[in-house]
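**Q** Read in order, the letters of the sequence shown are residues 5 to 51 in the numbering used here.
Starting off with a structure, shown below.
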Amino acid sequence: MLTKRQNLLETIKGGNPDRFVKQYEFMNLIMEASVTMAGFPAPGQTS
């Protein structure tokens, strides 16, 4: 079984994905990456 990322890439390439994802499932993958990279301040902190 493919991971979320691998499945998304297979779908984009027109390959053979394990499953078709819900319309917004890929957004979680994008948000996970951006949150860890951006280093958003914790509540109550300023940048």
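The C-beta atom is built at its ideal place from N, Cα and C for all residues, glycine as well.
(1) Is the distance from the Cβ of Leu33 to the Cβ of Lys8 below 7 Å?
(2) What's the call for Asn11, buried or exposed, on a 16-neighbour Cβ count within 10 Å?
(3) Assign Leu12 to one of three DSSP states: helix, strand, or coil.
**A** Taking the coordinates as given:
(1) In the sequence shown, counting from the first residue as 1, residue 33 sits at position 29. In the sequence shown, counting from the first residue as 1, residue 8 sits at position 4. Yes, they are a contact pair.
(2) In the sequence shown, residue 11 corresponds to position 7, counting from 1. Asn11 should be labelled buried.
(3) Taking the sequence shown and counting its residues from 1, the one referred to as residue 12 is at position 8. Secondary structure at Leu12: helix, using DSSP grouped into helix, strand and coil.
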